[in-house]
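Written below as structure tokens is the structure these notes are about.
Protein chains: 4
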Amino acid sequence: MRIDLNCDMGESFGTYTIGNDELVMPWITSANIACGFHGGDPMVMEHTVALAKKHRVAVGAHPGFPDLLGFGRRRLETFSGEIRSYMVYQMGALAAFAKAHGIRLQHVKPHGALYNLAAWDERTAREVVAAIRGFDPELILVTLAGSLCAELAVAAGLRVAREAFPDRAYQSDGQLAPRSLPGAVIHGPEEIRTRLVKLVASGVLTSVEGHDVRIQADTLCLHGDTPEAWKLARVIHETLLAAGAEVMPMAMICSG
Amino acid sequence: MRIDLNCDMGESFGTYTIGNDELVMPWITSANIACGFHGGDPMVMEHTVALAKKHRVAVGAHPGFPDLLGFGRRRLETFSGEIRSYMVYQMGALAAFAKAHGIRLQHVKPHGALYNLAAWDERTAREVVAAIRGFDPELILVTLAGSLCAELAVAAGLRVAREAFPDRAYQSDGQLAPRSLPGAVIHGPEEIRTRLVKLVASGVLTSVEGHDVRIQADTLCLHGDTPEAWKLARVIHETLLAAGAEVMPMAMICSG
Amino acid sequence: MRIDLNCDMGESFGTYTIGNDELVMPWITSANIACGFHGGDPMVMEHTVALAKKHRVAVGAHPGFPDLLGFGRRRLETFSGEIRSYMVYQMGALAAFAKAHGIRLQHVKPHGALYNLAAWDERTAREVVAAIRGFDPELILVTLAGSLCAELAVAAGLRVAREAFPDRAYQSDGQLAPRSLPGAVIHGPEEIRTRLVKLVASGVLTSVEGHDVRIQADTLCLHGDTPEAWKLARVIHETLLAAGAEVMPMAMICSG
Amino acid sequence: MRIDLNCDMGESFGTYTIGNDELVMPWITSANIACGFHGGDPMVMEHTVALAKKHRVAVGAHPGFPDLLGFGRRRLETFSGEIRSYMVYQMGALAAFAKAHGIRLQHVKPHGALYNLAAWDERTAREVVAAIRGFDPELILVTLAGSLCAELAVAAGLRVAREAFPDRAYQSDGQLAPRSLPGAVIHGPEEIRTRLVKLVASGVLTSVEGHDVRIQADTLCLHGDTPEAWKLARVIHETLLAAGAEVMPMAMICSG
Chain L
73 MRIDLNCDMG ESFGTYTIGN DELVMPWITS ANIACGFHGG DPMVMEHTVA LAKKHRVAVG
133 AHPGFPDLLG FGRRRLETFS GEIRSYMVYQ MGALAAFAKA HGIRLQHVKP HGALYNLAAW
193 DERTAREVVA AIRGFDPELI LVTLAGSLCA ELAVAAGLRV AREAFPDRAY QSDGQLAPRS
253 LPGAVIHGPE EIRTRLVKLV ASGVLTSVEG HDVRIQADTL CLHGDTPEAW KLARVIHETL
313 LAAGAEVMPM AMICSG
Chain H
73 MRIDLNCDMG ESFGTYTIGN DELVMPWITS ANIACGFHGG DPMVMEHTVA LAKKHRVAVG
133 AHPGFPDLLG FGRRRLETFS GEIRSYMVYQ MGALAAFAKA HGIRLQHVKP HGALYNLAAW
193 DERTAREVVA AIRGFDPELI LVTLAGSLCA ELAVAAGLRV AREAFPDRAY QSDGQLAPRS
253 LPGAVIHGPE EIRTRLVKLV ASGVLTSVEG HDVRIQADTL CLHGDTPEAW KLARVIHETL
313 LAAGAEVMPM AMICSG
Chain Z
73 MRIDLNCDMG ESFGTYTIGN DELVMPWITS ANIACGFHGG DPMVMEHTVA LAKKHRVAVG
133 AHPGFPDLLG FGRRRLETFS GEIRSYMVYQ MGALAAFAKA HGIRLQHVKP HGALYNLAAW
193 DERTAREVVA AIRGFDPELI LVTLAGSLCA ELAVAAGLRV AREAFPDRAY QSDGQLAPRS
253 LPGAVIHGPE EIRTRLVKLV ASGVLTSVEG HDVRIQADTL CLHGDTPEAW KLARVIHETL
313 LAAGAEVMPM AMICSG
Chain X
73 MRIDLNCDMG ESFGTYTIGN DELVMPWITS ANIACGFHGG DPMVMEHTVA LAKKHRVAVG
133 AHPGFPDLLG FGRRRLETFS GEIRSYMVYQ MGALAAFAKA HGIRLQHVKP HGALYNLAAW
193 DERTAREVVA AIRGFDPELI LVTLAGSLCA ELAVAAGLRV AREAFPDRAY QSDGQLAPRS
253 LPGAVIHGPE EIRTRLVKLV ASGVLTSVEG HDVRIQADTL CLHGDTPEAW KLARVIHETL
313 LAAGAEVMPM AMICSG
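Residue numbers (our numbering), protein chains in the order written: chain L, 73 to 328; chain H, 73 to 328; chain Z, 73 to 328; chain X, 73 to 328.
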């Protein structure tokens, strides 16, 4: 089993700090870097690209809705084409920093409300796919495993990294359990470790209903915005290795 | 004499409109497109790139300070490297729209306070030059003819388009007359026409002191933010042609 | 019949201009002044308050969602209490300019998506009402005639100005015809004039279905963002006077 | 000796957190609450006003330049009257939350670059004073002890709270030692304690040159943006009490 570990990075803004990128970066293989709309600013972006490069972590754009106050977590009504323009703008901005540092973007992962909307809203999914195809069709789209967005992207010839969440519970149909359900978010490192070992060994997770559910994932999402995030990142990374998985950037996993 | 005509374009923002890009675009050869910091937004940028392409006008980035309220006209104190990051971000964002529309950026022209600061402040000039070299050393830097920025850019191996202002008076030393002086801004199309004919015929303008002053310009700056701007753009374009000048994008003028 | 004429004012932002407040102000009796979230800025607000005072036009706050790019026309998902905080902030900011100019706020009219949401969404309506009660229960709330918001505000002891739209068609049930319907927006000044004469004479408008529909309005909404807006404002004002209506600020109409 | 302890509060923004207001609030007597320009947002402002009220801490407006990215720490070029408008807007917004919670603003303290500019730039100082006089002449202006701003405010009839900094070194002329000098910022709680005891006992501090320098202060500025800020706040508060000072809100110190 080959798997990528991705994490949102570079979400600080000016004097405001979110996350502890320095400590988390060593344990991941792909960094989703905020592009200044929901978080991040030009100085932070440049610093984060340099930090990822130093740790040989692959970089990707993490575009969001233009809503710093809401941290990109709330949907915005948009005109036709507007989401595509938002995506192109942000991918371009981040790609410029990568270029200035002599590296290339590996992937794109929409952020927050844009990620959720893209997963199941057809117009949004189509604009996300069109943006990537127009800007750089070599980029890998990170999206929810089994989503409409994944389907449309593959149909359009894009490479897709199917994403799973080690700290989230799944239903027997393979969908994420809604956050509103008790047990939807898994907090204990020990339980996460147990689930990961099973996932590596047999490709399944135990659903909230108690069944084995098959999870096809190319990349696992880590969260970087808690003080202890780096510890969990380390646990996950080491657990995967110990269980026999190979941890590597998604570009080495997702074929063209 | 070969000369380019550049104009600031795409400075509208959301519902807010500035300029009449549709009417001005046919009369220019290079469009400086705002990048979302002092003006412009992703939808406006995409639309403006498409409009320029339709009129075969070359496109360039028009990066400014992140100050929509001040329209990029006031200086911001910055940390070392901050201006470079601002530039890379904005060039990248605009280049992405160009790429999505199958064209390439031709040039970069800093906006407002950033333009003025870059002309004579060494740290700013060096960061502007470093940003272009890091992002895309093929880009032409549009800067004030005779400025420190022009000198540093040439020394760094960049192509430079020296800019002159047909509606601004010059001093006998070749510098722009400060706006605070009476007569610093030339309003009459007839006077502008007379000056342009002289410029094409003999490469000189009459200074405020009444002397001939040699102006070495690759591009002339038009203003697009008055209701009648397109008429003046047309007068200037037609006057240059009638006087025997060739009007063409700066990429055909500025050698590498 | 006594009626107020209200119009959105002060929506310019920095260098960006919307509307022609100088020309429209003489023909209205109440100005809804933008508060810096969807439009307006501190300089514009101060100038607009002074302009209204000069014309003896009553001033009101025109709070919106914090979304300059979308001009407050798109809904934002909010936390409980967030809309109330948005309202208190903006009313306070505008009231400060009124106070500095020796006048008082007369009213509050939510803007754009906030107006529409407040009309029928209970949580929003309750927060709008709570904000006014908390900040200044003397303020009149301008809201859609017949809306849930009007009902809740009256129940809470607030004064309400029921608003009607002379350039919008109504259905036989008294509701606005959706903009998506043909004929929903009435463009001709002549037709608007005819409808106003009938409204003043008999309190009814002809619905899109052709029936007489009773409209109980304390204030009519004018639009100020077209170049000819002031002409229509004048036509409406003069038509109302000629038809025998008294045109006056809503504070003289809406009893406590 | 009667002295106030003031601290900047409510500078968080959306998801971004600065400071630990909950822990610092119990140890201060006056809270300078950010107003949404350099930091703070409507939800944060409302929460902070409520928190201050709970701890019976007096509230004041902490207006800054509209520059979230720069956290209000960089000067903006402004038009005549613009700073006054910035001030009126922000004071009004915060006063509205105070009013909604049944309390009144006690004071105003400009933030960051605006504080520094107001101290010595006459145009800025005059606009700050004019803003307070226009909005609410009962408000106390917190400004640097011995500054031009203090002088102009007193001349205009405003109450002024002269501010000193327990963690900053002073020169023998009573001015703050520039931050660029070694020793300009005092980090050790023990040294701060020693200085405070001397200040209470004899009204003097030891200058960087080693002389006694008389400091006339009504309020001491604490910093709240470090993790341990609340501990230092407590040390300062307890040291002052132990040394025999009375610690109370500035309104009880600054006579009209």
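Where a beta carbon is used, it is the ideal one built from N, C-alpha and C, also for glycine.
This structure is a prediction, so every number in the text was calculated from the model and none was measured.
Q) Which chain L residues are close to residue 86 of chain X, counting only those with a beta carbon under 7 Å from its beta carbon? A) 140, 141, 142, 143
Q. Residues of chain L with a CB under 8 Å from the CB of residue 113 of chain X: which are they?
A. 141
Q | N- and C-terminal bounds of the alpha helix (DSSP H) containing residue 134 of chain Z | A | From DSSP, residue 134 of chain Z is part of no alpha helix (DSSP H) but of the beta strand (DSSP E) over 130 to 134.
Q. Does any residue of chain H bring its CB to less than 8 Å from the CB of residue 105 of chain Z?
A. no
Q: Quick one: which residues of the segment 152 to 163 of chain X get their C-beta closer than 9 Å to a C-beta of chain Z? List them in chain order.
A: 153, 154, 156, 157, 158, 159, 160, 161, 162, 163
Q: Could you name the residues of the same chain whose beta carbon sits closer than 8 Å to that of residue 270 of chain H, not counting the 5 residues immediately before and after it, in chain order?
A: 276, 277, 278
Q) Among X:131, X:147, X:88, X:86, which has the Cα closest to the Cα of residue 322 of chain X? A) X:131
Q) Where does residue 176 of chain Z sit, in a helix, a strand or coil, going by DSSP? A) Residue 176 of chain Z falls in the coil class under three-state DSSP.
Q) Buried or exposed: residue 290 of chain X, going by 16 or more other Cβ atoms within 10 Å of its Cβ? A) It is buried - the Cβ of residue 290 of chain X has at least 16 other Cβ atoms within 10 Å.
Q. In this structure, does DSSP put residue 227 of chain X in helix, strand or coil?
A. helix
Q. Do you know offhand how far residue 253 of chain Z's Cα is from residue 134 of chain Z's?
A. 27 Å
Q. Going along the chain, which residues of its own chain have a beta-carbon closer than 7 Å to the beta-carbon of residue 268 of chain X, five neighbours each way excluded?
A. 238, 308, 311, 312, 315
Q | CB contact below 8 Å: residue 149 of chain L versus chain Z | A | yes
Q | Three-state class that DSSP yields for residue 80 of chain X in the structure shown | A | strand
Q.
Against chain X, does residue 90 of chain L count as a neighbour if the rule is that its beta carbon must be under 8 Å from one of theirs?
A. yes
**Q.** Coarse secondary structure for residue 292 of chain H, derived from DSSP in three states
**A.** strand
Q. How many Å lie between residue 319 of chain Z and residue 77 of chain Z at the Cα?
A. 7 Å
Q) Among L:202, L:243, L:102, which has the Cα closest to the Cα of residue 282 of chain L? A) L:243
Q | Segment limits, beta strand (DSSP E) that includes residue 92 of chain H | A | From DSSP, residue 92 of chain H is part of no beta strand (DSSP E); its letter is neither H nor E.
**Q.** Cβ-based neighbour list, residue 220 of chain Z, same chain, cut-off 6 Å, excluding 5 preceding and 5 following
**A.** 192, 197
Q.
Short of 6 Å in beta carbon distance, which residues of its chain neighbour residue 203 of chain H, apart from the five on each side in sequence? Order them along the chain.
A. 156, 159, 160
Q: Taking all protein chains shown into account, decide if residue 126 of chain H is buried (16 or more other Cβ within 10 angstroms of its Cβ) or exposed.
A: Exposed, because fewer than 16 other Cβ atoms sit within 10 Å of the Cβ of residue 126 of chain H.
**Q.** Segment limits, beta strand (DSSP E) that includes residue 286 of chain H
**A.** 284 to 286
Q) Does residue 124 of chain L have its Cβ less than 8 Å from a Cβ in chain H? A) Any Cβ of chain H closer than 8 Å to the Cβ of residue 124 of chain L would place that residue at the interface, and such an atom is absent.
(Q) If we define contact as Cβ-Cβ less than 8 Å, is residue 198 of chain L a contact residue for chain Z? (A) no
Q | Reduced DSSP secondary structure (H/G/I, E/B, other) of residue 235 of chain L | A | strand
Q: Output the distance between the C-alpha atoms of residue 168 of chain Z and residue 207 of chain X, rounded to the nearest integer angstrom.
A: 6 Å
Q) Listing by chain order, which chain Z residues have their CB less than 7 Å from the CB of residue 146 of chain L? A) 148, 149
Q) Counting along the chain, where does the alpha helix (DSSP H) carrying residue 268 of chain X start and finish? A) 261 to 274
**Q.** Sequence-distant residues of its chain with Cβ nearer than 7 Å to residue 173 of chain X (five each side left out)
**A.** 121, 122, 125
Q | Contact with chain H by residue 108 of chain L, beta-carbon distance below 8 Å | A | yes
Q. What residues of chain H sit near residue 118 of chain L, judged by a beta carbon separation below 9 Å?
A. 153, 156, 157, 160, 161
Q. If you follow the beta strand (DSSP E) that residue 215 of chain X is part of, which residue opens it and which one closes it?
A. 212 to 216
Q. Based on Cα-Cα distance, which residue from L:292, L:280, L:182, L:94 lies nearest to residue 163 of chain L?
A. L:182
Q) Residues in its own chain within less than 8 Å of residue 410 of chain L by CB, not counting five upstream and five downstream? A) Absent from the model: residue 410 of chain L. The displayed extent of chain L is 73 to 328, so no value can be given.
Q.
Between which residues of its own chain and residue 100 of chain H is the CB-CB distance below 7 Å, once the five residues before and five after are set aside?
A. 77, 78, 79, 129, 294, 305
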